[in-house]
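In terms of the numbering used here, the sequence shown is residues 228 to 438. Below is one structure, written out as structure tokens; the observations come after it.
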Amino acid sequence: MIKSTLSALVLLGAAASAQADVLLQENFNNVGALGASGWVFNNASSPIGSNSWFQGNTNLFHAQSGAANSYAAASYGSAAAGGVLNNWLITPEFSTAKNVSISLWVRGAGEAGFSDHISFGLSKGGSATNDFVLQPSFEAAGDWTKYTFNIGALGTGTVGRFAINYNGVGDSSNYVGIDNLSIAAVPEPSSFLMLGAGLFAIGALRRRQRG
């Protein structure tokens, strides 16, 4: 199912079939070590809670693949009671000189009476929350769902960062997981919409699949 995105985010066509050069591959085997490799954790929830992003909890659900706890998770505990969630997990910089394809898997706890919401965003290399153009928030499904994004090339020397934002009302939220994130440069532009310099183009293709 193709989900259209508005504002500065432009829906693209099918993913390029050209062979991709991997820029970043993260399976979240050790969430605590992500900061040392350039990832940014920023829990801007209000009031802030007791946790940020953490290693997956196998008592709630298992990873999409690999070791059972090998996914990044966030919960309602990101905000204090009565608070609003705004918890960010931001990738290291990656090149946007060529067309880029981003894919990752998302899952919510799927518990009746609660809903977990995620937004995705892009920046031109900045890691502050106001550097990102965010897509509209969506509710994470109760099974692992793959999302794929295509970004049009921005030219030599340009970089970007991809952000995952856990948001919503803390008291009505529960728990969400992220797994198997891949960012790759795709050399051939044939299936990408080429836009003017300085514009980020992002398309979202969602494919639901049980992990």
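In this text, a Cβ means the ideal position worked out from N, Cα and C, and glycines have one as well.
Rounded straight-line distance, which links the Cα of residue j to that of residue i
i	j	result
residue 327	residue 413	6 Å
residue 405	residue 270	16 Å
residue 291	residue 367	14 Å
residue 400	residue 383	42 Å
residue 362	residue 392	10 Å
residue 417	residue 407	With a pLDDT of only 43 at residue 417, under 50, the local geometry of the prediction cannot be trusted, and the value read off the model is given with reservation. When rounded, the distance between both Cα atoms is 26 Å.
residue 355	residue 389	12 Å
residue 360	residue 347	8 Å
Residues bridged to residue i [DSSP beta-bridge criterion]
i	result
residue 394	313 and 344
residue 402	302
residue 248	412
residue 197	With the chain represented from 228 up to 438, any question about residue 197 goes unanswered, as that position is not in the structure.
residue 382	DSSP lists no partner for residue 382.
Buried or exposed (CB count within 10 angstroms, at least 16 for buried), residue i
i	result
residue 253	buried
residue 256	exposed
residue 377	buried
residue 403	buried
DSSP state of residue i mapped onto helix, strand, coil
i	result
residue 357	helix
residue 263	helix
Contact belief for residue i with residue j at Cβ below 8 Å, rounded distance in angstroms
i	j	result
residue 280	residue 299	5 Å
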